[in-house]
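J.: Quick one: the structure is below, and I'll ask about it shortly.
2 protein chains.
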Amino acid sequence: MTDDHILAVGVDVGGTKLLGAAVDATGVIRERTRVTTPVGDPDGLVATIAGIAGELGPDLPLGVGVAGIVSPDDTVRYGPNLDIRDLPLGDRLRAELGTTVTVRNDATVALYGELRAGAGRGSEHVVMLTVGTGVGGAVFTHGTLVEGRNGMGGELGHIPIVDGGRRCPCGNRGCLEAYASGTAIEERARERLRDEDGSSALRDVATDALDGKAVTLAALDGDAFAHEVLREAGYYLGVGMVGLVNVFDPELVLVGGGAAATAAPILLPAALEVLGDRLLGIGHRPLPTVVAAELGDDAGVIGAALLADDAAGAT
Amino acid sequence: MTDDHILAVGVDVGGTKLLGAAVDATGVIRERTRVTTPVGDPDGLVATIAGIAGELGPDLPLGVGVAGIVSPDDTVRYGPNLDIRDLPLGDRLRAELGTTVTVRNDATVALYGELRAGAGRGSEHVVMLTVGTGVGGAVFTHGTLVEGRNGMGGELGHIPIVDGGRRCPCGNRGCLEAYASGTAIEERARERLRDEDGSSALRDVATDALDGKAVTLAALDGDAFAHEVLREAGYYLGVGMVGLVNVFDPELVLVGGGAAATAAPILLPAALEVLGDRLLGIGHRPLPTVVAAELGDDAGVIGAALLADDAAGAT
Numbered sequence: 016m017t018d019d020h021i022l023a024v025g026v027d028v029g030g031t032k033l034l035g036a037a038v039d040a041t042g043v044i045r046e047r048t049r050v051t052t053p054v055g056d057p058d059g060l061v062a063t064i065a066g067i068a069g070e071l072g073p074d075l076p077l078g079v080g081v082a083g084i085v086s087p088d089d090t091v092r093y094g095p096n097l098d099i100r101d102l103p104l105g106d107r108l109r110a111e112l113g114t115t116v117t118v119r120n121d122a123t124v125a126l127y128g129e130l131r132a133g134a135g136r137g138s139e140h141v142v143m144l145t146v147g148t149g150v151g152g153a154v155f156t157h158g159t160l161v162e163g164r165n166g167m168g169g170e171l172g173h174i175p176i177v178d179g180g181r182r183c184p185c186g187n188r189g190c191l192e193a194y195a196s197g198t199a200i201e202e203r204a205r206e207r208l209r210d211e212d213g214s215s216a217l218r219d220v221a222t223d224a225l226d227g228k229a230v231t232l233a234a235l236d237g238d239a240f241a242h243e244v245l246r247e248a249g250y251y252l253g254v255g256m257v258g259l260v261n262v263f264d265p266e267l268v269l270v271g272g273g274a275a276a277t278a279a280p281i282l283l284p285a286a287l288e289v290l291g292d293r294l295l296g297i298g299h300r301p302l303p304t305v306v307a308a309e310l311g312d313d314a315g316v317i318g319a320a321l322l323a324d325d326a327a328g329a330t
Numbered sequence: 016m017t018d019d020h021i022l023a024v025g026v027d028v029g030g031t032k033l034l035g036a037a038v039d040a041t042g043v044i045r046e047r048t049r050v051t052t053p054v055g056d057p058d059g060l061v062a063t064i065a066g067i068a069g070e071l072g073p074d075l076p077l078g079v080g081v082a083g084i085v086s087p088d089d090t091v092r093y094g095p096n097l098d099i100r101d102l103p104l105g106d107r108l109r110a111e112l113g114t115t116v117t118v119r120n121d122a123t124v125a126l127y128g129e130l131r132a133g134a135g136r137g138s139e140h141v142v143m144l145t146v147g148t149g150v151g152g153a154v155f156t157h158g159t160l161v162e163g164r165n166g167m168g169g170e171l172g173h174i175p176i177v178d179g180g181r182r183c184p185c186g187n188r189g190c191l192e193a194y195a196s197g198t199a200i201e202e203r204a205r206e207r208l209r210d211e212d213g214s215s216a217l218r219d220v221a222t223d224a225l226d227g228k229a230v231t232l233a234a235l236d237g238d239a240f241a242h243e244v245l246r247e248a249g250y251y252l253g254v255g256m257v258g259l260v261n262v263f264d265p266e267l268v269l270v271g272g273g274a275a276a277t278a279a280p281i282l283l284p285a286a287l288e289v290l291g292d293r294l295l296g297i298g299h300r301p302l303p304t305v306v307a308a309e310l311g312d313d314a315g316v317i318g319a320a321l322l323a324d325d326a327a328g329a330t
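Laid out in structure tokens, this is it:
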């Protein structure tokens, strides 16, 4: 078997798009497809994934990452953006395809992709935070993915960092997500544009175009106001990292998600500054490396495929 | 070999006292000793531990738990309360005794004791918080103790929960320890006695006798003011648990340390209330069980001995 042999098929089910890929032994995508996610349609979701598996790699192991709570028996307990509850996705796909099927949370498969084929190669202890519309995450410690008893481990966006603070979409106050997500960056920019004077290119952006990405682009273009808004999010990302590094003592912290590719040059130094100031025992330990993830949107399909290949090898 | 055969010797090195015990295969202590910890005296510490090992179980594996940062090579990097830095305790003891020696952080060995012989028996995912002078902790996930790259994992007391909040002994603001430790309970009681009117039995306690224990005893005795102070600490303990349970998704949260035996009936219900309100996906997962640890001050020596026995069996 050569390294460019296709090992497995990976599928990444997001709230809007569904990616599929045929992945080789080096974690490289050999063929890919992208469709709109069937939302609120469990049968359609099963049929779509089965169709992609049949097209890209019939008879190969199939790995699926899903934006939602996935229990260890490959059942999607709750996918809020997919409008799905208690779908035994693994069993349904196995019955349909007759192959090994592994279903996991989307952040978990993305971390696994980075571990095997991206920025996490060779690391044994890695915390990954994904900054996009929300803040997600996953953890690999002592060579094991932290999934927990019900498959709900790694919900790093909902660590309370400012008890009683800003409202989070989850309904609580003060979660990391309420301070460091793309949505939070957008909200803070709007608040500060309203409450503060100062000039900013963001004042010329149409109201409905003002989002986290617009703030990032302005900041990278030298806008001091936008830069400050982004540094504030990076500061809170750092506060979250202080807790997580105190808990896991990893050698590597990865920042992935939509923001990683673009906002990392501003977010990461701000976060590192907090980590360097506040980590426990800072004189007696090395700081972990903090870098952007490498695989972008491909991390999920690559990780899902490689996890499925592992599972097939283990049986 | 019967179950009452002595397996190993455990030693627990605290900032004031040093406990030693001969432990059998069921995790029961068959013989014990207790001396004052030699502080700022590395040679004295090595000699004291070697003496205890020689007395309780010459030729048996020796496990040592130390209040401080212990690296995976059994070196005490930093023990602030012991005034020790970079002491290769494992190597020194192995040279002296010729037996298997395992050195770990004190919270790690205490959790291991609870896992094998206490409240954690049979669990695969456990978060333990120890509430004493400070707040410590340790984590067992997917059957592995979370020690991290440098042996500094599990520093649960220094997760930021109120960024910019109360000052913590570690120098930062807003750590869990600054809100839920015995010291924090004492400080809050003093502040509220000063700032609020209301009657309380604590007003009759001599100033230098007013500590976390006095608050707990008054609360258990029905003092409403003291009860409220303790519930506040329990609330923040719960805020910390929300983050930790979102991260690890454990089936069990243990509360140990000096407070566990006495304050648990007030701290734990307050913490559970927060957990039940704020845990992510609360309708789609069971709440973890939250209980007091069982072994008290013995957890460390028992866990250290059983870890050393495991290490001896593995070689």
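Going line by line, the protein sequences match chains Y and A.
Sequential numbering from 16 applies to the first sequence in my numbering.
Sequential numbering from 16 applies to the second sequence in my numbering.
A virtual CB, placed ideally from N, CA and C, is assigned to each residue, including glycine.
Predicted model only: the values in this text are computed from it and were never measured.
#1: So, for D238 of chain Y: in the same chain, excluding its five sequence neighbours on each side, which residues have a beta-carbon less than 6 Å away from its beta-carbon?
#2: Just curious, the alpha helix (DSSP H) that A204 of chain Y is in, first and last residue?
#3: Of all the beta strand (DSSP E) runs that stay within the bounds of the region 126 to 191 of chain A, which reach a length of 3 or more residues?
#4: With a threshold of 7 Å on Cβ separation, who are the neighbours of P95 of chain A within its own chain once the five nearest residues in sequence on each side are excluded?
#5: Just to confirm before moving on: does the CB-CB distance between D89 of chain A and L104 of chain A stay below 8 Å?
#6: Name, please, each residue of chain Y whose Cβ falls closer than 7 Å to the Cβ of V177 of chain A.
#7: With a 10 Å radius around its C-beta and 16 neighbouring C-beta atoms as the bar for buried, classify R49 of chain Y as buried or exposed.
#8: Taking a Cβ distance cut-off of 7 Å, strictly less, list which residues of the region 248 to 260 of chain A are near chain Y, in chain order.
#9: Where does V260 of chain Y sit, in a helix, a strand or coil, going by DSSP?
#10: At a CB-CB cut-off below 7 Å, which residues of chain Y make contact with V268 of chain A?
#11: Who are I44 of chain A's beta bridge partners in DSSP?
#12: Determine, for R92 of chain Y, whether the minimum Cβ-Cβ distance to residues of chain D falls below 8 Å.
#13: Would you kindly work out how many angstroms separate the C-alpha atoms of R209 of chain A and D178 of chain Y, rounded to a whole number?
#14: Would you give the residue range spanned by the beta strand (DSSP E) that A23 of chain Y belongs to?
#15: Does the region 167 to 177 of chain A come close enough to the region 272 to 280 of chain A to have 3 or more Cβ pairs within less than 8 Å?
#16: Less than 8 Å between the C-beta atoms of A37 of chain A and A323 of chain A, yes or no?
#17: Apart from the five residues just before and just after R92 of chain A, which ones in its own chain have a Cβ nearer than 8 Å to its Cβ?
#18: How is D89 of chain Y classed by DSSP in three states: helix, strand or coil?
#19: Whole alpha helix (DSSP H) runs in the region 213 to 262 of chain A with 4 or more residues, listed along the chain?
#20: If we count the other Cβ atoms within 10 Å of its Cβ and call it buried at 16 or more, is L302 of chain Y buried or exposed?
#21: Whose C-beta lies closer than 7 Å to the C-beta of P57 of chain Y among residues of the same chain, with five residues either side of it excluded?
#22: Threshold first: 3 residues or longer. Then list the beta strand (DSSP E) segments lying entirely within the region 278 to 322 of chain A, N to C.
#23: Relative to the C-alpha of T145 of chain A, which residue among A:T304, A:I317 and A:G272 is closest?
#24: Using CA atoms only, rank isn't needed, just tell me which of A:V257, A:V268 and A:G128 is closest to V79 of chain A.
#25: Which first and last residues belong to the alpha helix (DSSP H) in which L102 of chain Y is found?
#26: What residues in its chain sit with their C-beta under 7 Å from that of R205 of chain Y, if we drop five residues either side in the sequence?
#27: Beta-carbon within less than 6 Å of T304 of chain A's beta-carbon, same chain only, minus the 5 sequence neighbours each way: which residues are those?
#28: Pull up the CB-CB distance for L282 of chain Y and G249 of chain Y, whole angstroms please, since I reckon it's below 8 Å.
#29: Between the region 147 to 156 of chain A and the region 62 to 69 of chain A, do at least 3 Cβ pairs fall closer than 8 Å?
#30: F263 of chain Y touches chain A at which residues, Cβ-Cβ below 8 Å?
#31: So what does I84 of chain Y bridge to, in DSSP terms?
#32: In angstroms, rounded to a whole number, what distance separates the CA positions of N187 of chain A and A285 of chain Y?
#33: Less than 8 Å separating the beta-carbons of E170 of chain Y and N261 of chain A?
#34: With a CB to CB cut of under 7 Å and the five nearest residues on each side skipped, what residues in its chain are close to G59 of chain A?
#35: Bridge partners of T7 of chain Y, per DSSP?
#36: Tell me which same chain residues have a C-beta within less than 6 Å of the C-beta of L33 of chain Y, skipping the five on either side of it?
T.: Taking the definition as stated:
#1: S215 and A216
#2: G197 to D210
#3: 141 to 146 and 150 to 156
#4: G83
#5: yes
#6: V177 and D178
#7: exposed
#8: V254, V257 and G258
#9: helix
#10: Those within 7 Å of V268 of chain A in chain Y number zero; the least Cβ separation is about 12 Å.
#11: A:V38
#12: No chain D appears in the structure shown, which is made up of the protein chains Y and A.
#13: 25 Å
#14: I21 to V28
#15: no
#16: no
#17: G83, I84, V85, S86, R100, D101, N165 and G166
#18: coil
#19: 227 to 235
#20: exposed
#21: I99 and L102
#22: 304 to 307
#23: A:G272
#24: A:G128
#25: Here L102 of chain Y belongs to no alpha helix (DSSP H); instead the beta strand (DSSP E) covers I99 to L102.
#26: L225
#27: L267
#28: 4 Å
#29: no
#30: V161, G163 and G168
#31: Y:Y93
#32: 17 Å
#33: yes
#34: P53
#35: Since the first residue of chain Y shown is 16 and the last is 330, residue 7 of chain Y is not available in this structure.
#36: V50 and T52
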